[in-house]
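In this note's numbering, the protein residues as written are 2 to 304.
A short worksheet on the structure shown next.
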C-alpha cells in the first residue's frame, strides 16, 4: 500500500498497467540489502542486485518517455518537478533523478510500512495516547469552516502531539538497523583507533534506547518530547540519519504519517486481534504480522 501510494505520487505509477511488480522488487531488494555479498545466482544478494536494476529500469523508462514526449500534459507528480528542475540545475542528471526516486520510494516502502504497523500496535496498547492524538485531530476539524476541506499547511504544523507520537514510534522502532559511513581519516574513539577507509555502522537503537538519555526508554511515552532539547535530538535521535547526508525522505515521511494519523483517528476505530511480535531481519518486521479489526466510527457508533 505505502509503496504504491508513494510511486503514484512520485511518477504516477499504476500497478495494474505495469508489467513489473515494484513491490516484489523492493521486497527482494530489502531482503538482500545486508545479506552476505555473494553475487551468484540463487543468493539473496544476487536477487537484491537484479531486482534493484529492474526497479530502476521501470523509473528510467517513465523518465525517458516524459523527456521524449511531445505531449505537454503534466501529471502533477514529483517527476514533473524533477524534469522541470533538470532544465536549470546542472547537477540534476537523469541518473540522479532515477536514483533519487528509488531512494524516496525505499523509504516509503520498508521503513515507513514498518513504522505504520508499529504505530497501530503501540496506539492500540496505549489508549491514553490514542485519546490525546484523537483529540488533537478532532480539534482541527472543529476549527474548520468546512469540515470536508483538505488539510492546510498551517493545520499540519499545528499537529504538535502528532509529531510527539511519530518521534516516539521512530525512537522505539529504530526501524533501520543503523547508519553506514566510511572513515575519511583515522578516528580516535576512547582507546580505539578506527583506520581511514574502514566502514562504520552506527547502531541507532543504542542511542535511542539509552536510559541515560531517555528515561524508561522501553516505555511508549510521547509526552517525553515536550522536554527533549534540540541538542539531545541532534545527537541521540537519528531515525533519518545524520551529518551531511540525512535521509532525503525525512519530511515526506513525517507528512505522510501525519496525514495517515489524521484520517485514521477521525474516521476509524480499531482493536488489536493478534500478532505484533517484533523481529529484525535486520530491518524491523513482525513475525506473524499484526492483525487488527477496523471499523468506521459512524458505523461503530450506530452498532
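C-beta: ideal position from N, C-alpha, C; glycine also.
The count of Cβ pairs closer than 8 Å, one atom from the region 270-281 and one from the region 99-113, stays below three, leaving the stretches out of contact. In this chain, the alpha helix (DSSP H) harbouring residue 161 covers 161-174. For residue 10 and residue 188, the gap between their C-alpha atoms comes out near 42 Å. Considered as a whole, the region 218-250 harbours 231-237 as its complete alpha helix (DSSP H) runs of no fewer than 4 residues, in chain order. In the three-state reduction of the DSSP assignment, residue 76 falls in the coil class, being assigned neither a helical nor a strand state. Taking the Cα of residue 182 as reference, the smallest distance to any Cα among 171, 204, 169 and 168 is reached at 204. A Cβ-Cβ separation of about 15 Å leaves residue 279 out of contact with residue 111 under the 8 Å criterion. DSSP, read as helix, strand or coil, puts residue 92 in coil. One alpha carbon belongs to residue 24, the other to residue 152, and they sit about 29 Å apart. For residue 271, the three-state secondary structure derived from DSSP is strand. The region 163-174 makes contact with the region 257-268: 3 or more CB pairs, one atom from each, lie closer than 8 Å. Setting aside the 5 residues that flank it on each side, residue 146 has no residue in the same chain whose C-beta is closer than 8 Å to its C-beta. Nearest to residue 245 by C-alpha distance, out of 180, 286 and 53, is 180. Listed in chain order, the alpha helix (DSSP H) elements of length 4 or more contained wholly in the region 13-91 are 23-33, 45-69 and 79-87. Exclusion of the five residues before and after residue 298 leaves 268, 269 and 270 as the residues of its chain whose Cβ lies within less than 7 Å of its Cβ.
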